[in-house]
Each structure stands twice: as structure tokens, then as C-alpha cells.
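Sequential numbering of the sequence shown, starting at 8, is according to the numbering used here.
We put the beta carbon where it would ideally sit given N, CA and C, even for glycine.
The structure under discussion appears below in the form of C-alpha cells.
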Amino acid sequence: MRFAAFAALGVLAACQTIPAFAEPPADREAQVLATARALADAGKTDEVGLQFVEDLTTEIGPRLAGSPDEQRARDWAVARLKAMGFANVHVEDFTVPYWKRTHETARVVGASAQPLIITALGGSAPTPEGGLEAGIVRFDVMADLIAADDADVAGKIVFIDEMMTRTQTGDGYGLAVAKRAACPKIAAAKGAVACLIRSVGTDHFRRPHTGGIDRRGPDGIAKPIGPIPAAALSAPDADQLTRLLARGPVSVNLDIGVETADAAPSGNVIAEVEGGARKDEIVLIGCHLDSWDLGTGAIDDGAGCGIIVGAAKLIDELPGKPERTIRVVLYGSEEIGLFGGDAYARQHSEDLGSHVLAAESDHGASYVWQFQTKFGDGALDYAKKMQDVLARYGVAAGDNLSGGGPDVGVLARSGVPVVTPAQNGWDYFDYHHTPDDTFDKIVPDEFRQNVSVYAAFAYIAADSGWDFRKAADPAE
8 MRFAAFAALG VLAACQTIPA FAEPPADREA QVLATARALA DAGKTDEVGL QFVEDLTTEI
68 GPRLAGSPDE QRARDWAVAR LKAMGFANVH VEDFTVPYWK RTHETARVVG ASAQPLIITA
128 LGGSAPTPEG GLEAGIVRFD VMADLIAADD ADVAGKIVFI DEMMTRTQTG DGYGLAVAKR
188 AACPKIAAAK GAVACLIRSV GTDHFRRPHT GGIDRRGPDG IAKPIGPIPA AALSAPDADQ
248 LTRLLARGPV SVNLDIGVET ADAAPSGNVI AEVEGGARKD EIVLIGCHLD SWDLGTGAID
308 DGAGCGIIVG AAKLIDELPG KPERTIRVVL YGSEEIGLFG GDAYARQHSE DLGSHVLAAE
368 SDHGASYVWQ FQTKFGDGAL DYAKKMQDVL ARYGVAAGDN LSGGGPDVGV LARSGVPVVT
428 PAQNGWDYFD YHHTPDDTFD KIVPDEFRQN VSVYAAFAYI AADSGWDFRK AADPAE
């Protein structure tokens with residue numbers, strides 16, 4: 008299968024020596040689309056991308072932002088990408104506030120004394136040595152905490168018991184994650200001593216989900232820690248705490264230790280499939296290299312990195328170059344506040360106009376079911392042609408409202424056209440930010456379908472010459 012696919016690529020790639028046009032002739036366009044289909048067929052037997060994820064998660068493991076482990080991951084990625092033959096492999100450095108957990112426990116005290124399974128949230132303040140002990144005040148949802156009288160919260164540990172809805176799109180996350188980000192600030196402003204939340208996840212296992220809190224100061228700059236200790240309860244422990252509260256007042260001892268630094272090194276790893284006549288025009292495909300520290304960061308986001316590396320390598324193996332450069336960006340420090348995406352946009356602010364398309368894989372490794380775009384109104388026909396190619400791989404056409412992905416979002420807001428190959432997120436938040444985010448959760452055939460999709464649309468964007476910013480014709 009793979010041999011036949013690459014044989015087809017060898018024939019079709021001859022078209023790459025023809026200069027690109029703003030509106031390519033029909034025969035050239037047909038050749039570009041045919042090559043894209045052959046690339047997608049070759050992706051069905053991908054081993055490069057899958058091996059990249061396996062090796063990253065096995066040889067490096069967790070890659071907490073700003074940590075020595077993230078540094079090892081950058082070094083590893085640079086060496087691997089160079090060995091694979093990519094061009095212009097380098098790191099673009101920046102710094103981040105550093106936070107690391109050292110210990111975390113919670114225990115109900117009193118007549119019903121028992122342990123609770125928690126994990127500290129990224130940016131949590133430490134408790135005093137030996138922990139802090141206080142009564143629990145429970146709220147169904149964040150809005151109830153916001154509306155609460157300060158006197159009912161002061162001196163207490165706030166507990167927000169809001170659940171997350173399971174959806175294919177993962178849209179339930181946006182609502183549920185608000186409590187994780189905002190609870191410490193809002194609770195602290197009302198005099199609370201700590202914050203507990205039901206984990207932001209869709210599973211019901213006794214394993215909590217970590218994630219970052221909002222730790223920006225009044226100046227808007229992120230600090231190493233937030234205002235009060237904060238942790239997530241596993242779903243069964245959240246249920247247990249709610250049942251105990253139904254029986255009467257509950258007090259909890261919370262003990263969290265952390266290490267911090269105002270500034271720690273991080274960076275974005277860059278590699279390219281260098282283009283031809285229009286090599287200064289960039290098609291960017293990205294992922295994030297960092298992960299939380301509980302699992303090995305396989306679905307979040309080692310898989311995304313393997314997908315884009317596997318897709319880019321398929322294109323790199325063509326006999327000729329695409330007209331435009333395909334830039335692979337392995338963003339650093341996404342998990343603690345999109346630092347890599349912001350750094351890239353800042354460091355490339357002068358040439359964002361030459362970025363013709365951007366996309367990011369950061370929603371696991373399940374199959375792509377929809378292809379969403381954000382193009383100029385005059386480029387919607389190009390979206391349809393991409394979607395027509397992808398339809399044979401089980402991908403439905405989406406709307407023109409793509410946000411591009413977490414780190415790529417800043418590019419979209421700057422006017423760069425973006426696409427979202429939307430992955431099935433039905434069970435993604437069962438494992439997200441937990442110890443179970445490990446390589447065995449990746450289904451190889453579903454992963455390979457992602458490689459096929461990314462290889463096809465990235466190649467079309469790089470070799471078609473299409474202007475994805477194109478405005479609608481006023482005469483139409």
C-alpha cells in the first residue's frame with residue numbers, strides 16, 4: 008500500500024516544478040489535488056508520526072512547562088527533526104513563570120475522617136507547613152460562588168461541584184474549565200482560604216484532572232502562583248464530599264507543596280519543509296510539546312506533534328518541493344497559558360502577512376470528522392475543494408468559523424487564515440490532564456487518518472498558490 012502510494016507521488020510530483028499562479032490552470036490544480044490524495048493514501052500506513060509519539064512519551068515522558076524535562080524534550084525534538092532531514096531546525100527561546108507540585112493531600116477530619124484523592128492545580132499557592140484546615144462551603148456552579156455573600160465564604164474552603172458534559176466536539180470543556188481558571192481568584196476575593204473543584208473531565212474514575220488556574224496579577228502578567236491553594240477532586244471524591252455535606256458540616260485538611268521560579272527557560276521548536284519559488288510564504292502546522300506532569304502527555308499533545316511531523320515528512324519525501332514553505336512548530340509551555348503561541352506571534356509579528364494558512368493539532372488522536380475553515384469570503388471555493396479531497400477519508404465539511412486551535416488562535420485573531428481538522432472528542436476528556444494520558448490510548452488507525460488529513464490539506468495550501476485571504480468579488 009505504502010509503496011504504491013509513493014509510486015503515485017513520484018509521478019504526480021512532477022507538477023511541482025511549474026511556477027504557481029494566483030489562479031492555477033485547471034490541469035495544474037487537478038495535479039495538485041491528485042497529489043494531495045496520494046499523500047493522504049500514504050498516510051494510512053504512517054509509521055513516522057506514530058513512532059515520534061512513542062519515542063517522545065517513552066524516552067522523555069512528562070514535559071512540564073519550564074522544567075528540565077521540557078528542556079530535554081526540546082533537545083530531543085531538535086535532534087530527531089534534524090535526523091529526519093527537515094530544514095531550518097532551531098529553537099526560538101522565551102521564558103515562563105515556573106511551578107511544580109511537590110506534594111498534595113486532602114483529608115476529611117472529624118467523625119467521618121477519610122482521605123480524598125486530589126491533584127493540585129497548576130499555579131496553586133502552597134498551604135502552610137502541615138496543611139490548612141477549614142470548613143467546606145459547596146456551590147453547584149461558578150455563578151453561585153460569584154453571587155454568594157462574602158460572609159458565607161470567608162475563612163472557608165470553597166468547593167465547586169460543577170460537572171462537565173460529554174460531547175463529540177469537546178464544547179463542554181469551555182464551560183466546565185471556567186471554574187478551574189477562576190475559582191481561586193474569586194474565592195480569595197471573598198476571603199476563602201482555598202479552593203477545591205470537581206475535576207474538569209468526563210470520566211468517573213478515582214483519578215483527578217490537573218490544569219492551570221488564572222494566575223495573572225493586577226498588571227496582567229502571569230505569576231508563578233495564584234492567590235490561594237487550589238486543587239481538583241476526582242469525580243468519585245467530589246460525589247463523596249457532596250454526600251458528606253448532605254449529612255452535616257464537613258472540615259478538610261488540605262496540604263499542598265510547590266516549587267516556583269519567576270522565570271524559567273522554554274521555547275518553540277521549529278522545522279521546515281522548505282518551499283520553492285514562493286518559499287517566503289508559510290503554511291504553519293503546529294502542536295504543543297509540553298505536557299502536564301501526571302501522565303506522559305501522549306494524547307495531550309504528543310499525538311498532535313506526531314501527526315504534524317508525520318504529515319510534513321510525507322510531503323518532504325516528494326521528489327520536488329511545494330511552492331510554499333511548510334513550517335512545523337512544536338510550541339512550548341501551552342498548558343500554563345499559551346506562552347508558546349504568544350511568543351511565536353510576537354517574534355514573527357513583522358512577517359505574519361506571509362503566513363498563508365495555519366492549523367494546530369491539539370485534541371488527541373481520534374479520527375478527524377469535520378474540516379472547518381476561516382478564509383476570506385472570496386476563498387470559500389478553495390475550502391470546498393479541500394473538503395472534497397478530505398471527504399473520501401470520512402471528513403465532513405464544516406463552517407467558516409474556525410478558531411485554529413489554542414496556540415494558533417493568536418494568528419487567527421491577527422488575520423491569518425486558519426483551518427480546524429476537528430477530531431472526535433467523545434472520550435478525550437476521560438484522560439485529559441490525568442495519569443492515564445499515556446501512549447496506549449492512541450488507536451493507530453485513527454492516528455494515521457489524522458496524518459492523512461494534515462498531509463493533504465497542508466500540501467494543497469503549499470502548492471496550489473491559492474490566496475486564502477481573498478475577499479469576495481464586489482461584482483458578485
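### Task
Classify V450 as buried or exposed, calling it buried when 16 or more other Cβ atoms lie within 10 Å of its own Cβ.
exposed
#### Entry: Contiguous alpha helix (DSSP H) assignments of at least 4 residues, all confined to the region 61-106
75-90
### Query
Taking the continuous alpha helix (DSSP H) assigned at T427, which residues delimit it?
Careful: T427 lies outside any alpha helix (DSSP H), inside the beta strand (DSSP E) at V425 to Q430.
### Task
Label T441 either buried or exposed according to how many other C-beta atoms from any shown protein chain fall within 10 Å of its C-beta, with 16 as the threshold for buried.
buried
### Task
Out of V207, P191, G347 and D269, state which residue places its alpha-carbon closest to the alpha-carbon of G181.
V207
### Message
Given a cut-off of 8 Å on the beta-carbon distance, is the pair D297 and S340 in contact?
### Response
yes
### Under the three-state DSSP convention, the category R399 falls into
coil
### Query
Just to confirm, are V280 and D323 a CB contact at a threshold of 8 Å?
yes
### Message
Check this for me: beta carbons of A237 and A113, under 8 Å apart or not?
### Response
no
#### Entry: For F212, the three-state DSSP class (helix, strand or coil)
coil
### Query
Any idea which residues DSSP pairs K121 with across the strands?
Looking at the sequence shown, residue 121 is not Lys but Gln. Paired residues: V115.
### Query
Would you say E169 and K197 are within 8 Å of each other, going by their C-beta atoms?
no
### Query
Three-state secondary structure (DSSP) at Q175?
coil
### Task
With distances taken Cα to Cα, identify the nearest neighbour of A419 among R399, D210, V103 and G360.
G360
#### Entry: T380 (DSSP reduced to helix, strand or coil)
strand
### Query
Residues in its own chain within less than 6 Å of G283 by CB, not counting five upstream and five downstream?
K328 and E330
### Task
Provide the residue span of the alpha helix (DSSP H) that contains L248, from first to last.
A242 to R254
### Query
So C202 and P215 are in contact, right, with Cβ under 8 Å, and what is the actual spacing, rounded?
That belief does not hold up - the Cβ atoms of C202 and P215 are roughly 14 Å apart, past 8 Å.
#### Entry: For G484, the first and last residue of its enclosing beta strand (DSSP E)
Shown here, the chain extends from 8 to 483; a query on residue 484 therefore has no answer.
### Message
Using only CA atoms, which one of V116, A194 and E99 lies nearest to V144?
### Response
A194
### Query
Among all the DSSP beta bridges, which residues are the ones paired with S273?
F101
### Task
Report yes if the CB atom of E140 is closer than 8 Å to the CB atom of N260, and no otherwise.
yes
### Task
Going by DSSP, name the residue or residues bridged to F166.
R145 and L203
### Message
Do D82 and T303 count as a contact pair if the criterion is CB distance below 8 Å?
### Response
no
### Query
How should A84 be labelled, buried or exposed, when 16 other C-beta atoms within 10 angstroms of its C-beta is the threshold for buried?
buried
### Query
What do you reckon, is the C-beta of G317 under 7 Å from a heavy atom of the ligand ATP?
In terms of ligand content, the structure shown is empty, and the ligand ATP therefore cannot be addressed.
#### Entry: Beta-bridge pairing of G264 - partner residues as DSSP gives them
H110
### Task
Could you check what DSSP says for G309 in three-state terms: helix, strand or coil?
helix
#### Entry: Buried versus exposed call for T42 [16 or more other C-beta atoms within 10 Å across all chains shown]
buried
### Query
Just how far apart, CA to CA, sit H211 and P243?
6 Å
### Message
According to DSSP, is G56 part of a helix, a strand, or is it coil?
### Response
helix
### Task
Determine contact between the region 121-138 and the region 367-383, defined as no fewer than three beta-carbon pairs at a distance below 8 Å.
no
### Task
Give the C-beta separation of T217 and L128 to the nearest angstrom, bearing in mind that I take them to be a contact with Cβ-Cβ under 8 Å.
6 Å
### Query
Excluding five sequence neighbours on each side, which residues of the same chain lie with their C-beta closer than 7 Å to the C-beta of F28?
The predicted position of F28 is uncertain, since its pLDDT is 37 and thus under 50; no value can be drawn from it.
### Beta bridge counterpart(s) of Y294 as assigned by DSSP
Checking the displayed sequence, the identity of residue 294 turns out to be Cys instead of Tyr. DSSP, once it has assigned bridges, lists L337 as partnering C294.
#### Entry: Proximal residues to F59 (C-beta, below 6 Å), its chain only, five neighbours per side dropped
G313 and V316
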